[in-house]
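Participant: From first to last, the protein sequence lines stand for chains A, B and C. The opening residue of the first sequence carries number 0 in numbering that gives the first Met the number 0; numbering runs sequentially from there. The opening residue of the second sequence carries number 0 in numbering that gives the first Met the number 0; numbering runs sequentially from there. The opening residue of the third sequence carries number 0 in numbering that gives the first Met the number 0; numbering runs sequentially from there. Think of the CB as a built atom: it goes at the ideal place given N, C-alpha and C, for glycine as much as any other residue. Just so we're clear, the structure is a prediction, and the values are computed from it rather than from any experiment.
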Amino acid sequence: MSEPKTITVTVNDKIVEMVVPAHRTLLEALRHEGFVEIKCGCEKGDCGACAVLLDGEPVDSCLTLAWHAEGREVTTIKGIGQPGNADPLQKTFIETGASQCGYCTPGMIVAAKSLLKKNPNPSLNDIKRGLSGNLCRCTGYTRIFEAVQLAAEELHAEGESA
Amino acid sequence: MNQTDVSQGSIANVNLRQVGKNKPRNDAPAKVHGKAVYAGDYYMEGMLFAKVLHSDRACANIHSVDVSAAKALPGVHSVLTAADLTASNAVMTDLPGQTGGGTKDTKQPILAADKVRFHGQPIALVAAETYELAELALDLIIVDYEDTEGIYDPFDAQKPGAPIVYGKDNIVAAYKIRKGDIEKGFADADYILENTFSSQYQEQAFLEPEAAVAWVDEHDILNIRSSTQVIEHFRAVADALGIPHNRVHLMAPYVGGGFGGKEVMTIEVWLALLAMDTKRPVKLIQTRENSFLSHGPRHPFTITHKTGVTKDGKITAMKIDLTSDAGAYAKLSPYILLYSVVGSTGPYRVDNLWVDATSAATNNLPACAFRGFGTMQANTACEAQMEEIAKLIGMDSLQLRRRNFIQPGDPNTTGQIIRSSVWSDQCATKALAALGQRPDNADHLAYGHGVACYQQSYGRIRWMKDSSESWVGLEMDGTLIVRCAVTDIGAGQMSALAQIAGEILGVPMDEVTVYFGDGHVNPLAGTSTASRALYMSGKATELAARTVRENLLECMANHFQVSPGELELADSKVFVLDNPERYMSTKDMVKACAAEGVHRHNLAIFKAPPSEGLDPETGQGDVFPDFTYGAHAAQVSVDTDTGEVTVIKSVGAHDVGQAINLRAVEGQIEGSALMGQGFALSEELILEKGVLKNGSLSEYLIPTSEDVPEIQSIVLESRSGLGPFGSKGIGEPVFAPVAASIVNAVADAIGARIYDLPLTPEKVLAAINEKDKLQRGR
Amino acid sequence: MLPPFALSQPQSLGDALQALANDDEIQAFSGGTNLIPDLRSKRETCRNFISLQALDELRYIQRQGTRITLGARATITDILQDHDMPSDAPALYAAAGKFAGTMVRNVATIGGNVCCGSPAADTVPALLTLDAEVSLSSASGERSVALCDFYTGYKQSAKRADELLTSMSWTVPAENSANLFYKLARRKGDAITVTGVAVMIAAQDGRCTTARIALGSVGPTVFRAINAEEILTGKALDKDIIEQAARAAADQCSPIDDIRASAGYRLQTAFSLSRRLLTQAWQQVA
């Protein structure tokens with residue numbers, strides 16, 4: 000079996016050093032390091048609660064080996080925006096009521112962030128498809144779609160890309 | 000696209016500044032910033048990690064459980080089996096005050112001793128330095144099973160000679176209603192129609208699996224921080240462990256969804272045992288697969304309706320038989336059965352009524368609480384029957400409903416007189432109208448419209464003598480605190496209390512701090528179940544806030560030399576209504592009042608109206624405090640080649656009494672629309688001889704973002720509810736009619752009725768095939 | 000929790016192939032979106048892997064004339080984001096859009112999906128209708144296998160233990176052709192296919208010149224309904240011929256009952272979806 004090795008991963012612009020074996024998932028490794036904003040819902044890629052950006056692309060951290068994140072950049076919801084410097088998505092999620100129990104929210108905003116970066120003017124169908132890997136049991140998604148659309152409009156207005 | 004209608008005849012409500020508005024919830028910022036911490040996110044020094052050995056089969060004797068290798072594994076601190084439980088090996092489903100004669104036996108072993116009765120029954124507990132070690136330890140536990148003959152059908156379970164799972168005869172609960180003159184009722188009918196409907200297991204599928212940390216602190220108090228809907232479980236934990244109630248401290252942080260699945264104890268006792276054995280903090284986050292087995296799913300029901308109706312559409316008699324599969328232990332089955340009995344007649348007035356309801360035990364998963372709690376299944380059957388009656392007598396189904404809707408002042412199923420407004424008609428009419436025109440059938444697509452109404456209770460069964468307490472107080476700097484142990488499971492339970500207290504004391508709700516979910520620090524609020532949290536803890540908070548307000552205004556009246564009624568509290572000020580230039584900041588007001596010894600906080604208790612139970616022969620009595628009424632309508636398309644159903648539009652119209660937070664109300668309607676869609680079309684637990692075959696989120700299919708229809712909420716406010724400001728409970732009511740509306744829409748689209756849920760594409764195609772065959776046969 | 004396993008991380012294709020040559024038991028770890036759940040559930044018993052993560056040389060979409068080649072490490076999202084894929088492989092593009100959910104698409108690779116050999120692999124029906132070829136490399140050389148000859152049984156393929164699937168290629172469909180895909184599943188998003196049908200119809204002078212029908216989730220492998228294709232080739236298609244072909248396609252199926260659907264349902268929908276897609280395809284080209 001593979002011996003644990005020391006890897007460094009940049010998480011939200013902070014360098015994190017971890018000693019992990021090959022079979023450790025990124026989800027397990029990062030939660031162990033205290034990044035508990037990354038949620039665990041199923042451990043097999045069915046629910047999207049564990050989504051993070053890996054070099055800017057949303058991935059299920061439960062389906063990512065920690066070793067495969069070595070030397071790369073991970074962004075969690077806390078890296079996308081902070082209180083006082085919130086991402087438009089975080090503001091619109093609050094405004095529209097797109098968060099009920101909140102457990103799907105970190106993964107959902109990660110996926111939505113990437114969606115808007117690739118497609119600043121998404122149709123409703125684009126949004127539905129973009130969030131197809133994120134399950135939500137509380138909201139019925141309607142407010143989530145609205146929040147993404149509003150954030151897209153706000154980003155347009157700001158004239159900046161996400 | 001939402002509308003809010005305010006009734007004509009409502010009492011002129013005070014000018015509401017915060018209540019009733021679209022306010023962002025107080026918990027939202029923490030959640031969107033990933034700062035909201037859930038039970039499994041807490042870390043404690045020296046924490047151990049737990050794993051549970053669940054039975055891999057449904058019905059077997061246990062000859063031995065060998066844990067020696069597991070115990071010997073370095074890093075394993077505790078391995079517990081039934082043999083180690085010296086205090087007792089029993090946990091009760093805690094139910095203050097039970098129905099019927101005598102106490103229901105809800106006893107369940109904490110850990111299986113000499114037999115397992117259901118797939119997933121816990122057999123052993125492990126605590127180790129890491130999850131990995133705990134899992135290795137589990138693999139080393141050897142269970143010597145001897146498979147035995149089980150029973151897997153609630154009807155078969157009642158036959159003589161059936162293997163016994165519960166009591167003497169597998170009957171967990173039974174109710175009957177004998178009301179009016181059923182024979183005359185059927186004799187007076189022009190038509191009699193009988194149909195049997197059945198529905199399936201539904202899994203709550205909350206995104207956060209069960210999680211908790213338990214530890215014994217320096218005062219020897221057992222602390223448990225758990226993802227639970229019920230703080231009061233501290234009593235059942237204490238009883239199970241044989242320790243005093245006042246030495247168990249149960250807390251709930253934000254809960255990542257519950258829907259009833261975290262209403263009964265799930266993992267709390269296991270962790271308590273491990274924490275007490277190891278003297279260290281112990282954490283468990285259930286795997287999703289084990290979560291499917293760690294709480295009960297929705298009861299499957301088989302419901303037979305025999306209805307007598309005149310050619311003018313007046314229902315003259317209803318005879319209803321309901322059977323639910325309780326699974327291996329009683330848990331809440333008796334209550335769920337009672338709810339199904341009360342909900343069996345939908346929102347209709349039926350004077351000649353016979354109901355017979357049975358909940359039978361099997362070796363299937365012990366079913367338990369899930370949004371709707373039996374009423375939803377019963378309502379779905381009733382609303383399907385109404386459509387079939389309408390078809391039979393050649394009447395528009397909404398018209399048929401109008402002929403039979405219960406009215407204020409009428410007796411309901413159990414003879415309880417309805418006091419609130421009943422706006423079923425307006426709701427159904429608006430919901431259907433919002434669908435617009437039914438599109439014409441094309442190529443391989445058939446379109447259908449469906450509607451369904453309901454009568455769903457809010458508040459608990461009245462002979463439980465339910466109550467809720469809340470403390471409201473102003474600090475010296477004018478800031479406002481609410482202390483209430485309500486659990487926040489995602490519907491904004493906590494934020495609503497801030498909104499109510501903030502409204503009454505004139506403080507912006509986002510400046511109100513609510514301390515919630517802590518059984519030591521907060522007054523007990525009761526469960527976040529039965530659509531009661533807003534009603535009960537909202538009323539308690541309202542009462543406490545109003546008392547504080549009275550105290551303050553009495554003092555301020557002196558100061559301003561006006562009567563208290565001429566003063567208002569708003570925007571962190573007290574001011575004279577007619578002359579707002581005369582004001583004082585809340586902070587200064589508090590200082591002034593404190594100087595005069597005014598009591599600036601209050602602990603209030605709100606008690607739900609009690610009752611003494613049902614007559615065991617007639618089934619008549621007052622069961623619930625009140626009911627919510629409304630409707631849901633759906634537009635669907637059916638692919639006639641594949642049987643796939645697409646919900647295109649989904650409209651909920653409900654009289655919520657008074658929306659406390661309008662966005663939150665709409666959020667409940669939208670969430671229900673999708674959860675009901677899942678129940679109608681794609682969700683089912685598949686058990687084979689009691690063993691769950693699809694216990695993961697890729698095989699148990701809840702609706703995804705790509706399944707979402709256009710959802711519309713129509714919110715009506717009669718102000719006739721018993722909750723704060725005339726509000727009604729809504730969490731379950733808005734869910735009650737959804738599946739029925741979709742089921743009815745599919746029947747409309749394909750011109751044939753399918754009698755068992757869910758309506759999988761395969762069942763729909765089979766119904767289309769059958770209809771084609773019949774038509775060709777002509 | 001995943002079971003402990005060995006993972007080596009070769010930095011070049013050559014090193015990867017050498018590792019495969021040295022050890023019979025070692026397997027490739029590409030996107031991992033199937034492998035990780037299978038490891039977690041213990042369905043996968045291999046405990047020795049080489050990661051293909053560093054092999055960027057295998058992640059590409061290249062065109063040379065009418066020939067397209069996808070490196071085995073091209074992800075499903077790469078396919079969706081390729082500007083010309085909607086016209087260069089319409090059915091594959093459609094399948095990619097229905098493949099799992101966004102996060103999985105970002106990581107799952109075409110090589111992994113083809114190699115997993117599942118009859119429910121969503122890219123395979125489309126690739127079969129494109130007459131795709133598979134390139135297999137080993138330390139001792141390279142060879143090409145037609146995808147329609149690749150699968151030898153349930154989750155079994157012609158790939159040897161020492162080989163790596165390095166690319167897929169096909170010729171862009173003719174001008175006057177239609178290439179369609181339908182995924183029937185129990186919900187619209189992120190679901191395992193119950194019946195999957197892909198067709199390719201090319202026509203000239205009012206006659207069908209090429210017909211391909213590929214079916215997934217209705218047999219031990221994804222397969223082409225050759226009998227059905229023969230009924231269509233060379234003919235001016237009409238309702239009856241299409242119906243006959245659809246019937247032949249269904250006859251070639253050998254579906255099973257499982258928790259998602261019965262064999263009977265799969266048979267009926269294989270027939271009606273073949274009929275529908277052939278009808279739509281013919282309408283587009285005729």
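Applying the criterion that 16 or more other CB atoms from any shown protein chain within 10 Å of the CB defines a buried residue, is A:D177 buried or exposed?
Facilitator: The structure shown does not extend to residue 177 of chain A, since chain A spans only 0 to 161, so no value can be given for it.
Participant: So B:W269 is in the alpha helix (DSSP H); what residue range does that whole segment cover?
Facilitator: Segment 267-277, the alpha helix (DSSP H) holding B:W269.
Participant: Measure from the C-beta of A:A97 to each C-beta in chain C and report whether the shortest distance is under 8 Å.
Facilitator: No, its Cβ sits nowhere closer than 8 Å to a Cβ of chain C.
Participant: Please check if any C-beta of chain A sits within less than 8 Å of the C-beta of B:G33.
Facilitator: By this cut-off, B:G33 is an interface position.
Participant: Show which residues of chain C have a CB atom less than 8 Å away from the CB atom of A:M0.
Facilitator: Simply P3, F4, A5, R46.
Participant: With a threshold of 8 Å between beta carbons, is A:H31 in contact with chain C?
Facilitator: Answer no: the Cβ-Cβ gap between A:H31 and chain C never drops below 8 Å.
Participant: Are the C-beta atoms of B:Y200 and some chain C residue less than 8 Å apart?
Facilitator: Cβ-Cβ to chain C under 8 Å: no for B:Y200.
Participant: Name, in chain order, the residues that DSSP records as bridge partners for B:R545.
Facilitator: According to DSSP, B:R545 bridges with nothing at all.
Participant: If you draw a straight line from the C-alpha of B:H32 to the C-alpha of B:R752, how long is it?
Facilitator: The alpha-carbon atoms of B:H32 and B:R752 are separated by roughly 47 Å.
Participant: Tell me, please, which residues DSSP counts as bridged to B:P780.
Facilitator: Not covered by the structure: residue 780 of chain B. The range shown for chain B is 0 to 777.
Participant: Could you work out which residue in A:C41, A:N120, A:L154 is closest to B:E288 when comparing CA atoms only?
Facilitator: That would be A:C41, whose Cα lies nearest to the Cα of B:E288.
Participant: Can you pull the chain B neighbours of C:I191, defined as C-beta to C-beta under 7 Å?
Facilitator: By Cβ distance, chain B contributes S697.
Participant: A:V35 versus chain C: which residues are under 8 Å apart at the beta carbon?
Facilitator: Correct list: empty, because the minimum Cβ distance to chain C is about 18 Å.
Participant: Does B:K70 come out as helix, strand or coil in the three-state DSSP assignment?
Facilitator: Three-state DSSP puts B:K70 in a helix.
Participant: Using a Cβ cut-off of 7 Å, which residues of the region 690-718 of chain B contact any Cβ in chain A, in chain order?
Facilitator: Within the region 690-718 of chain B, the residues whose Cβ lies closer than 7 Å to some Cβ of chain A are S695, L696, S697, I701, T703, S704, E705, V707, I710, listed in chain order.
Participant: Is there at least one Cβ from chain C nearer than 8 Å to A:T74's Cβ?
Facilitator: It does not: the Cβ of A:T74 has no partner Cβ on chain C nearer than 8 Å.
Participant: Please confirm if B:P23 has its CB atom under 8 Å from at least one CB of chain A.
Facilitator: So, interface residue.
Participant: Measuring alpha carbon to alpha carbon, tell me which residue in B:S423, B:I191, B:G642, B:V575 is nearest B:T315.
Facilitator: It is B:I191 whose Cα lies nearest to the Cα of B:T315.
Participant: Any idea what DSSP makes of C:N178, helix, strand or coil?
Facilitator: It is a strand residue.
Participant: Thinking just about the alpha-carbon of each residue, which of C:L179, C:G195, C:L12 is nearest to the one in C:S50?
Facilitator: Out of C:L179, C:G195, C:L12, C:L12 has the C-alpha closest to the C-alpha of C:S50.
Participant: Quick one: Cα of C:C207 to Cα of C:A177, how far?
Facilitator: Taking the straight line from one Cα to the other gives about 11 Å.
Participant: For B:C452, report the span of its beta strand (DSSP E) as first-last.
Facilitator: Note, B:C452: beta strand (DSSP E), 444-457.
Participant: How do the region 299-309 of chain B and the region 47-66 of chain B stand: do at least 3 beta-carbon pairs fall below 8 Å, yes or no?
Facilitator: No, because fewer than three Cβ pairs between the region 299-309 of chain B and the region 47-66 of chain B fall closer than 8 Å, the two stretches do not touch.
Participant: Please list, in chain order, the residues of the region 759-775 of chain B that have any C-beta partner in chain C closer than 9 Å.
Facilitator: The residues in question are T759, P760, E761, L764, A765, N768.
Participant: List, in chain order, every chain A residue whose beta-carbon is nearer than 8 Å to that of C:N105.
Facilitator: Within chain A, the residues near C:N105 are E56, P57, V58.
Participant: To the nearest angstrom, how far is it from the Cα of B:D216 to the Cα of B:V247?
Facilitator: Each residue's alpha carbon lies about 11 Å from the other.
Participant: So what's B:P723 in DSSP terms, helix, strand or just coil?
Facilitator: Helix at B:P723.
Participant: Which same chain residues, not among the five before or five after B:L778, have their C-beta less than 8 Å away from its C-beta?
Facilitator: Residue coverage of chain B in this structure runs from 0 to 777, which leaves residue 778 of chain B outside it and unanswerable.
Participant: With H, G and I counted as helix, E and B as strand and the rest as coil, what does DSSP make of B:S610?
Facilitator: Coil.
Participant: Do you know how far the Cα of B:L473 is from the Cα of B:K590?
Facilitator: Their Cα atoms are separated by approximately 10 Å.
Participant: I'd like the list of long-range same chain contacts for B:S494, defined as Cβ closer than 6 Å, with 5 residues on each side in sequence excluded.
Facilitator: Taken in chain order, the residues that qualify are R24, N25, D26.
Participant: Since C:C207 sits in a beta bridge, which residues does DSSP pair it with?
Facilitator: The partner list for C:C207 (beta bridge, DSSP) reads C:A202.
Participant: In the DSSP assignment, what are the bridge partners of C:R223?
Facilitator: Beta-bridge pairing links C:R223 to C:A213.
Participant: Buried or exposed: B:K106, going by 16 or more other Cβ atoms within 10 Å of its Cβ?
Facilitator: It is exposed - the Cβ of B:K106 has fewer than 16 other Cβ atoms within 10 Å.
Participant: Mapping DSSP to helix, strand and coil, what is B:V664?
Facilitator: DSSP places B:V664 in helix when its eight states are reduced to three.
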